[in-house]
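Beneath this line is the structure, given in structure tokens, with notes to follow.
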Amino acid sequence: MTKAWRAGALFGGGLVLLYAAVPVLARPAAAPATVRPDFDRDVMPVLQEHCLSCHGTSDPEGDLVMESYEDLMKGGTHGPPVAPGRSEESRLVMMVEGRTKPKMPPKRELAPEALSLIKAWIDAGAEPPAATAATRIPDIKPRLARPSPVYSVAFSPDGRQLAVAGHKEVRVLDPTTGRRLRTLSGPSDLVRSVTFSPDGKWLAAAGGIPARSGEIVLWDAATGTRVRTIKGHRDYVYQAAFSPPGGLLLATSSYDKSIRLWDVASGIEQATLREHTDAVFPVAFSPDGKWLASGAGDRTVKVWDVSTGRRLFTLSDSLDTVYALAFHPSGRQLSAAGADKMIRTWDLTGQDGTLAFSTIAHEDAIVQLAYSADGRRMVTAAADRRVKVWDVEKRTELRVLPAQSDWPTALALAPDGQSVAVGRYDGSVSLYDLASGRLQVDLLKPATPAAQTAGAYAAKQRAERDSLPPGPRSGPPGSAAANSLRRRERRERGSKGARRSAPLLDRRSR
0 MTKAWRAGAL FGGGLVLLYA AVPVLARPAA APATVRPDFD RDVMPVLQEH CLSCHGTSDP
60 EGDLVMESYE DLMKGGTHGP PVAPGRSEES RLVMMVEGRT KPKMPPKREL APEALSLIKA
120 WIDAGAEPPA ATAATRIPDI KPRLARPSPV YSVAFSPDGR QLAVAGHKEV RVLDPTTGRR
180 LRTLSGPSDL VRSVTFSPDG KWLAAAGGIP ARSGEIVLWD AATGTRVRTI KGHRDYVYQA
240 AFSPPGGLLL ATSSYDKSIR LWDVASGIEQ ATLREHTDAV FPVAFSPDGK WLASGAGDRT
300 VKVWDVSTGR RLFTLSDSLD TVYALAFHPS GRQLSAAGAD KMIRTWDLTG QDGTLAFSTI
360 AHEDAIVQLA YSADGRRMVT AAADRRVKVW DVEKRTELRV LPAQSDWPTA LALAPDGQSV
420 AVGRYDGSVS LYDLASGRLQ VDLLKPATPA AQTAGAYAAK QRAERDSLPP GPRSGPPGSA
480 AANSLRRRER RERGSKGARR SAPLLDRRSR
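Using numbering that gives the first Met the number 0, you'd call the opening residue of the sequence shown number 0 and step up by one each time.
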């Protein structure tokens, strides 16, 4: 497995695009007359081609969003545009045919066959796509030759349990010995995020099936009893976070570009935040629970008012995908990091965020970032297989933890601030002393030594980086698209005389 492929699996749900070998696919052909029209197969491609430029989630015309079946049926300022079973009375059809204003699409006519598909779907009842989606995507059961990657670890508030995300399961360990306390059956496919509520009552795990659905499972943390399963996202859920202080809300981010807020007691969705234009990765509540921060593939960090769902401001300093963020325990600062290998910290004491500090912190994408409970230390983990501890006040690197057996894909600081748990791509988990950086205990052992293939990964990455053209947007760290984009940005910054943040002087990790 190449390093570039592994990066795609880590950040893109495991889907790989082979640009050079696979021809561009044409739009799916219209369904035969004898086949019942389907939204995903017949209608959505038409909307994507002709409508989303004006009716996407960012400032939609008439408040009408057409990015999903649910969005379309919800409607906008003029109400639902679709009347199931009555295409001639549906506002969507009337606008396309010019029988009401505004005319859609505004610049070019919709092809007659495309309009016929939409009308046939409406006349057949305008049914949702869920009934046929499962039959089109085969459910292939993977055979795991080794433990699955650990994408998330979380301490319970009392520090006596450590939840470890796995493949369709969550293992709860004793963090001092590694003894397994219980195993919980989790969401479908890989579990991307595990988290305890601030009061320790709930344990949540988030994941789902890429390109199909997201899923959040909630357990009673004391007994391991499964309380409920929450669904609503149209792609896998990348992260879940409980609101402080009491954990009444659960925020989830997804590859479907949305953030959703759920009432924990009932599992009912309270709000959907949709202003990101690419996959949303990290989410984090401010310590007082009033603000929510999110980072995404659109290279932005957005800060939201939790009570209203209104976006307060956008921080656009990042040069690439944002994979990790965290509020300082004081609530006065917000830090984020990602594919551009930099840590950025914003001052939040004003009306909007002001960039207070930035530095190149790692040699590859930073995938995890966390503060200690006292706010004196920050820990980062990156695809360069390094975990670093930072002095927050002095803004300097203190130490690098011992060499990692594979990519450190997960980390969590103990509530007492004395230790940090690190989970890796090879399925292993270790506990380190934060003050000294020394290994305390290996909680889960790696299956195979990944270091043996490090040279092969690097060689393959260089070959792919130099041979494939850049994509239209940032790819996962290590991918050809991401590397090409970053090379181009470096050239542009150099030509304009822009000054990059100075790298740290202490490079003991080299």
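For glycine and all other residues, C-beta sits at the position ideal for the given N, C-alpha and C. Values in this document were obtained by computation on a predicted structure and should not be read as measured data.
Selection from the options that minimises the alpha carbon distance to residue i
| i | options | result |
| --- | --- | --- |
| residue 175 | 420, 59, 426 | 420 |
| residue 512 | 201, 221, 237 | Here the chain comprises residues numbered 0 to 509, so residue 512 is not present and cannot be evaluated. |
| residue 234 | 428, 216, 207 | 207 |
| residue 202 | 216, 191, 210 | 216 |
| residue 283 | 276, 295, 363 | 295 |
| residue 346 | 326, 359, 337, 88 | 326 |
| residue 445 | 79, 173, 426 | 426 |
| residue 35 | 125, 372, 337 | 125 |
| residue 269 | 218, 194, 249, 400 | 249 |
| residue 72 | 111, 120, 112, 106 | 120 |
| residue 432 | 354, 54, 416 | 416 |
| residue 77 | 59, 320, 297, 356 | 59 |
| residue 318 | 128, 288, 335 | 335 |
| residue 127 | 186, 42, 205 | 42 |
| residue 89 | 80, 403, 413 | 80 |
| residue 401 | 436, 378, 414 | 436 |
| residue 74 | 62, 171, 286, 297 | 62 |
| residue 94 | 286, 423, 50 | 50 |
| residue 395 | 409, 117, 360 | 360 |
| residue 356 | 362, 181, 332 | 332 |
| residue 184 | 251, 243, 219, 154 | 219 |
Burial state of residue i (16 or more Cβ within 10 Å)
| i | result |
| --- | --- |
| residue 350 | exposed |
| residue 281 | buried |
| residue 87 | exposed |
| residue 371 | buried |
| residue 434 | exposed |
| residue 267 | exposed |
| residue 148 | buried |
| residue 26 | Any reading at residue 26 is ruled out, since the residue's pLDDT is 43, under 50, leaving its predicted position unreliable. |
| residue 222 | exposed |
| residue 193 | buried |
| residue 344 | buried |
| residue 340 | buried |
| residue 301 | buried |
| residue 97 | exposed |
| residue 379 | buried |
| residue 476 | Annotation note: pLDDT 43 at residue 476 (below 50); position unreliable, coordinate value reported separately. With 16 or more other Cβ atoms within 10 Å, it is buried. |
| residue 157 | exposed |
| residue 245 | exposed |
| residue 467 | Note that residue 467 has pLDDT 35, beneath the 50 cutoff, so the model's placement of it is unreliable and no number is given. |
| residue 337 | buried |
| residue 449 | For residue 449, the predicted model reports a pLDDT of 48, less than 50, meaning its position is unreliable; a value from the coordinates is still stated below. Classification of residue 449: buried, given that the 10 Å Cβ count is 16 or more. |
Beta-bridge partners of residue i, as assigned by DSSP
| i | result |
| --- | --- |
| residue 201 | 219 |
| residue 290 | 304 |
| residue 346 | 332, 353 |
| residue 422 | 409, 428 |
| residue 341 | 359 |
| residue 441 | 429 |
| residue 259 | 251, 271 |
| residue 34 | According to DSSP, which records beta bridges pairwise, residue 34 is partnered with nothing at all. |
| residue 371 | BP columns for residue 371 are empty, so no partner. |
| residue 206 | 190, 214 |
| residue 78 | 75 |
Host beta strand (DSSP E) of residue i (start-end)
| i | result |
| --- | --- |
| residue 111 | Looking at the DSSP string, residue 111 is not in any beta strand (DSSP E); the run it does join, the alpha helix (DSSP H), is 111-122. |
| residue 377 | 376-381 |
| residue 61 | Counting along the chain, residue 61 falls outside any beta strand (DSSP E), and DSSP gives it neither H nor E. |
| residue 406 | Here residue 406 belongs to no beta strand (DSSP E), and DSSP marks it neither H nor E. |
| residue 251 | 248-253 |
| residue 192 | 179-195 |
| residue 399 | 395-399 |
| residue 170 | 166-172 |
| residue 284 | 279-284 |
| residue 271 | 268-272 |
| residue 390 | 386-390 |
| residue 228 | 225-230 |
| residue 150 | Unbroken run through residue 150: none, as it is neither H nor E. |
| residue 236 | 236-241 |
Start-to-end residues for the alpha helix (DSSP H) that takes in residue i
| i | result |
| --- | --- |
| residue 70 | 68-73 |
| residue 48 | 43-49 |
| residue 93 | 90-95 |
Contact with chain C by residue i, beta-carbon distance below 7 Å
| i | result |
| --- | --- |
| residue 248 | Any reference to chain C falls outside this structure, which holds one protein chain only. |
In chain order, what are the residue ranges of uninterrupted beta strand (DSSP E) at least 3 long that sit wholly in the segment 300-338? 300-304, 310-314, 321-326, 332-337
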